[in-house]
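Going letter by letter, the sequence shown gives residues -20 to -1, 1 to 243 in mature numbering (1 follows the signal peptide of the UniProt record, and there is no 0). Here is the structure we will look at, set down as structure tokens.
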Amino acid sequence: MRRWIAALLLGLAGAGPSFASSDLAAGLDASDFAFRQHPGRMMPMVQGLRDAQGQERGLSDYLGRRPVIFVLGYYRCPVLCSTLMDSVLQTLQTVDVPHEVVAVSIDPAETPADAARKYPYYASLMPAGQRGRLHLLTASAPAIAALTDAAGFPYRRDPATGQYLHPAGFLVLTPQGRISRYLLGVGQSARDVRLALVEASGGKVGGLADQLILLCSHYDPRTGRYSVAAMTMARAAGLGTLAVLAMGLWMLRCRRRGNGRRA
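And the structure:
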């Protein structure tokens, strides 16, 4: 019940942070724990990562092929992080656009064993053929500092409980590791996730329909959502009408020429 209440409140709040400890939250401003967005920034190619099997990795190991859903959190999080990952993976079930999912723990005390305990459940939320694209990582303190700083991800640990206060949401990276979009809160729509992945790919994934929808959509960094841009839609409709009229006139002209030759 606590998880669903948290999800509802965070979904309504959009970029609302996770107050993992009521004692820690007392006297703090929620805006201190919202994403500091850096679109266009290149993520650092850090080393010091370990996958769920304990193998040493670098961020570059997960780049170069597809756009990346990049999630910061921690595996022992009692509510928000699991709720966010559940939401992301369930939404991706209906998004047939190639992608990687990379989650990195912000707790340097967590180990590959913590990631491994979470992996079977999270993998069960993905289609069988895509489970190899799910990467649950732990990290050294320097790697965590570099990644959270580049992502604009503020967080604080409560020493009494070991829980963290941090933003809700995730980043979408280009295949090269550049920050493309921030999707904020919990419960993003499949449409927003799909558009963010298509945009991050530079049009290399998705279809013509996705490109047309992107042309007629506006990304709002305050909400981390896409909305239909009315003026752009009107212009697109006008251009479409002109194209149809031009095609009709061209066909009529060709027909008249053909009739004149037969005469």
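Even for Gly, the Cβ is constructed at its ideal location relative to N, Cα and C.
Quick check on residue i: does DSSP put it in helix, strand or coil?
i      : result
ALA83  : strand
LEU43  : coil
PHE150 : strand
VAL48  : strand
SER160 : strand
ARG16  : coil
ARG137 : strand
ARG30  : strand
ARG21  : coil
I'd like to check one pair, residue j with residue i: are the Cβ atoms closer than 7 Å?
i      : j      : result
ASP31  : LEU117 : yes
GLY167 : GLY149 : no
TYR54  : GLU90  : yes
LEU151 : ALA126 : no
PHE50  : VAL82  : yes
ASP75  : LEU52  : It should be pointed out that residue 75 corresponds to Val in this sequence rather than to Asp. Their beta carbons are not under 7 Å apart, which means VAL75 does not touch LEU52 by this criterion.
THR71  : ALA176 : no
ALA140 : PRO88  : no
TYR162 : PHE13  : no
VAL59  : GLU80  : no
ALA119 : LEU29  : yes
PRO155 : ARG46  : yes
ILE86  : ILE124 : yes
GLY142 : PRO92  : no
Assuming residue i contacts residue j (C-beta within less than 8 Å), just tell me the rounded distance between them.
i      : j      : result
VAL178 : VAL77  : 6 Å
PHE133 : HIS115 : Not really, about 18 Å apart at Cβ, beyond 8 Å.
### Query
Enumerated in chain order, which unbroken segments of the alpha helix (DSSP H) with a length of 4 residues or greater are wholly contained in the region 50 to 126?
The region 50 to 126 contains these whole alpha helix (DSSP H) runs: 60 to 72 and 92 to 104.
### Query
Does the region 13 to 22 come close enough to the region 98 to 109 to have 3 or more Cβ pairs within less than 8 Å?
Contact between the region 13 to 22 and the region 98 to 109 is absent: fewer than three C-beta pairs spanning the two stretches fall below 8 Å.
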